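> What follows is a structure written as structure tokens; I'll ask about it next.
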Amino acid sequence: MLTLSSTQLDQYAKQGFLVLERFIDNATCDRLRTRAMELVEEFDPTGISSVFTTHEQSRVSDDYFLTSGDKIRFFFEEQAFNSDGTLKRQKAQSINKIGHALHDLDPVFDDFSRNHRIQNLIERINIQDPRLIQSMYIFKQPHIGGEVMCHQDSTFLYTQPNAIAGLWFALEDATKLNGCLWALPGGHRSGLKSRWIRSESQAMHFEVYDSTPWPEEQLVPLEVPKGSLILLHGLVPHKSLENRSEYSRHAYTLHVISGLSQYPAKPHIAW
Ligand code: FE2
Numbered sequence: 001m002l003t004l005s006s007t008q009l010d011q012y013a014k015q016g017f018l019v020l021e022r023f024i025d026n027a028t029c030d031r032l033r034t035r036a037m038e039l040v041e042e043f044d045p046t047g048i049s050s051v052f053t054t055h056e057q058s059r060v061s062d063d064y065f066l067t068s069g070d071k072i073r074f075f076f077e078e079q080a081f082n083s084d085g086t087l088k089r090q091k092a093q094s095i096n097k098i099g100h101a102l103h104d105l106d107p108v109f110d111d112f113s114r115n116h117r118i119q120n121l122i123e124r125i126n127i128q129d130p131r132l133i134q135s136m137y138i139f140k141q142p143h144i145g146g147e148v149m150c151h152q153d154s155t156f157l158y159t160q161p162n163a164i165a166g167l168w169f170a171l172e173d174a175t176k177l178n179g180c181l182w183a184l185p186g187g188h189r190s191g192l193k194s195r196w197i198r199s200e201s202q203a204m205h206f207e208v209y210d211s212t213p214w215p216e217e218q219l220v221p222l223e224v225p226k227g228s229l230i231l232l233h234g235l236v237p238h239k240s241l242e243n244r245s246e247y248s249r250h251a252y253t254l255h256v257i258s259g260l261s262q263y264p265a266k267p268h269i270a271w
């Protein structure tokens, strides 16, 4: 499939997300998975205990995380450590994600991310002069895979005007059991609830425009088979729950913005 049908474009416009099954073949999924495991194998965790959490306090104070926008760095699951700081499991079963410049710095992910099919797709959803701004490899480890709380990507990757999309590639089957994505149909039309910005004192904080809680009961699960691509509008609220199953839920994500929009020279890294 090289492009999107008008029906698919209508779905994306109406819901703020679109599921494209079998977008990539199994061999491609496995190539990315193998490469991610090689990167983890090469990673020396000595002295690094940065955890990926969607709890604000940790993120704000974690320089290893905040300065990872143009690097390949490794973040642990929140529940990966014993109370004495040692890992409960092998390193390869403890990493939450790799971020945030795989698309620039690793040849395998670079090659995959700069594929013409992907560029065509992005242009079809009206992101002109698309720029890859961020990539993540997410493991959602068996038993300890952490929750990602409901959010809009535009909170973290803000452009003016808003022109952001997330591409979420399922490298394994994603189900309710192992922590699939959930999204709010039509939620992208309600506007941006908050923005994560740097204050004059250089501390990160949320500037809140709408403090009403997310209508979480209205989010729908996006269970997809391996090889699927989920397109997410930058304003659509989405989340994923903990993984307590015995199955991992590997995914690769890209965030793209329009080169015609105004955006910070160093965009803030997103969930
Ligand atoms: Fe997100």
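When the sequence shown is numbered by the numbering used here, its final residue is 271 and no position is left out of the sequence of numbers. The beta carbon of each residue, even a glycine, is placed where N, CA and C say it ideally should be. Quantities reported herein were computed from a predicted structural model and do not represent experimental measurements.
(1) If we ignore side chains and look at the alpha-carbon of each, how far apart do Arg198 and Leu157 end up?
(2) List the DSSP bridge partners of Tyr252.
(3) Could you spell out the range, first to last residue, of the beta strand (DSSP E) harbouring Leu192?
(4) Tell me whether Leu254 is buried or exposed, calling it buried when 16 or more other Cβ atoms sit within 10 Å of its Cβ.
(5) Using DSSP with H/G/I as helix, E/B as strand and the rest coil, what is Phe23?
(6) Under the three-state reduction of DSSP, which class applies to Ala183: helix, strand or coil?
(7) Report yes or no: do three or more beta-carbon pairs, one from the stretch 145-163 and one from the stretch 217-237, lie closer than 8 Å?
(8) In its own chain, which residues sit with a C-beta less than 7 Å from the C-beta of Asp173, not counting the 5 before and 5 after it?
(9) At a cut-off of 8 Å, is Val224 close to the ligand FE2 when judged by its beta-carbon and the heavy atoms of the ligand?
(10) The beta strand (DSSP E) spanning Leu102 covers which residue range?
(11) Suppose you measure from the CA of Gln93 to the CA of His250; what does that come to, to the nearest Å?
(12) Kindly indicate which three-state DSSP category Arg73 falls into: helix, strand or coil?
(13) Give me, in chain order, the residues of the same chain whose beta-carbon lies closer than 6 Å to that of Gly47; leave out the 5 immediate sequence neighbours on both sides.
(14) Taking only the alpha-carbon atoms, compute the straight-line gap between Tyr247 and Ser201 and give it to the nearest angstrom.
(15) Is Leu18 buried or exposed, if buried means 16 or more other CB atoms sit within 10 Å of its CB?
(16) Residues in its own chain within less than 8 Å of Thr3 by CB, not counting five upstream and five downstream?
(17) Does DSSP put Arg35 in a helix, in a strand, or in coil?
(18) Is the beta carbon of Ile72 less than 9 Å from the beta carbon of Gly99?
(19) Can you say whether Val256 is buried or exposed, counting buried as having 16 or more other CB atoms within 10 angstroms of its CB?
(20) Bridge partners for Met204 per DSSP, in chain order?
(21) Can you tell which of Tyr64, Gly179, Gln160 and Val208 has the C-alpha that lies nearest to the C-alpha of Pro221?
(22) Taking its Cβ as the centre, do 16 or more other Cβ atoms sit within 10 Å of Pro283, making it buried, or is it exposed?
(23) Around the Cβ of Leu260, are there at least 16 other Cβ atoms within 10 angstroms (buried) or fewer (exposed)?
(24) Work out the CA separation of Ser228 and Ile144 for me, nearest whole Å.
(25) Using only alpha-carbon positions, find the residue among Phe76, Asp70 and Leu192 that is nearest to Gln134.
(26) Can you pull the DSSP bridge partners for His238?
So, to answer that:
(1) Against the sequence shown, residue 198 aligns to sequence position 198. Against the sequence shown, residue 157 aligns to sequence position 157. Roughly 13 Å separates the two Cα atoms.
(2) Indexing the sequence shown from 1 puts residue 252 at position 252. DSSP, once it has assigned bridges, lists Tyr137 and Phe169 as partnering Tyr252.
(3) Against the sequence shown, residue 192 aligns to sequence position 192. Neither: Leu192 is in no beta strand (DSSP E) and is coded neither H nor E.
(4) As a first step, residue 254 must be located in the sequence shown, where it is residue number 254. Result: buried.
(5) Looking up residue 23 in the sequence shown gives position 23. Note: Phe23 maps to coil in three-state DSSP.
(6) As a first step, residue 183 is located in the sequence shown; it is residue number 183 there, counting from the start. Here DSSP, grouped into helix, strand and coil, assigns Ala183 to strand.
(7) yes
(8) Translated into positions along the sequence shown, residue 173 becomes position 173. Only Pro225 and Lys226 meet the Cβ criterion.
(9) The count along the sequence shown starts at 1 and reaches residue 224 at position 224. No, the ligand FE2 has no heavy atom inside 8 Å of this Cβ.
(10) Sequence index remark: in the sequence shown, residue 102 carries index 102 (1-based). Run containing Leu102: none in the beta strand (DSSP E); it sits in the alpha helix (DSSP H), Leu102 to Leu105.
(11) Numbered from 1 along the sequence shown, position 93 holds the residue referred to as residue 93. Numbered from 1 along the sequence shown, position 250 holds the residue referred to as residue 250. One C-alpha to the other measures close to 12 Å.
(12) In the sequence shown, counting from the first residue as 1, residue 73 sits at position 73. If DSSP states are grouped into helix, strand and coil, Arg73 belongs with the strands.
(13) Here residue 47 refers to the residue found at position 47 when the sequence shown is read from its first residue. So no residue of the chain qualifies.
(14) Reading the sequence shown from its first residue, position 247 is the one you call residue 247. Reading the sequence shown from its first residue, position 201 is the one you call residue 201. For Tyr247 and Ser201, the distance between alpha carbons rounds to 43 Å.
(15) Residue numbering aside, residue 18 sits at position 18 when the sequence shown is read from its first letter. Buried, by the Cβ-count rule.
(16) Here residue 3 corresponds to residue number 3 of the sequence shown, with the count starting at 1. Around Thr3: Asn120, Leu121 and Arg124.
(17) Residue numbering aside, residue 35 sits at position 35 when the sequence shown is read from its first letter. Three-state result, Arg35: helix.
(18) Here residue 72 refers to the residue found at position 72 of the sequence shown. Here residue 99 refers to the residue found at position 99 of the sequence shown. Their beta carbons are under 9 Å apart, which means Ile72 touches Gly99 by this criterion.
(19) For the purposes of this step, residue 256 is taken as the residue at position 256 of the sequence shown. When all chains shown are included, Val256 counts as buried.
(20) Position 204 of the sequence shown, counted from the first residue, corresponds to residue 204. Beta-bridge pairing links Met204 to Arg198.
(21) As a working mapping, residue 221 is identified with position 221 in the sequence shown. Of Tyr64, Gly179, Gln160 and Val208, the residue nearest in Cα terms is Gly179.
(22) With the chain covering 1 to 271 only, the question about residue 283 has no answer from this structure.
(23) Position 260 of the sequence shown, counted from the start, is the residue given in the question as residue 260. Its Cβ having fewer than 16 others within 10 Å, Leu260 is exposed.
(24) The residue labelled residue 144 in the question sits at position 144 within the sequence shown. The residue labelled residue 228 in the question sits at position 228 within the sequence shown. Their Cα atoms are separated by approximately 24 Å.
(25) Indexing the sequence shown from 1 puts residue 134 at position 134. Answer by Cα proximity: Asp70.
(26) Within the sequence shown, numbered from 1, the residue matching residue 238 stands at position 238. DSSP, once it has assigned bridges, lists His151 and Ala183 as partnering His238.
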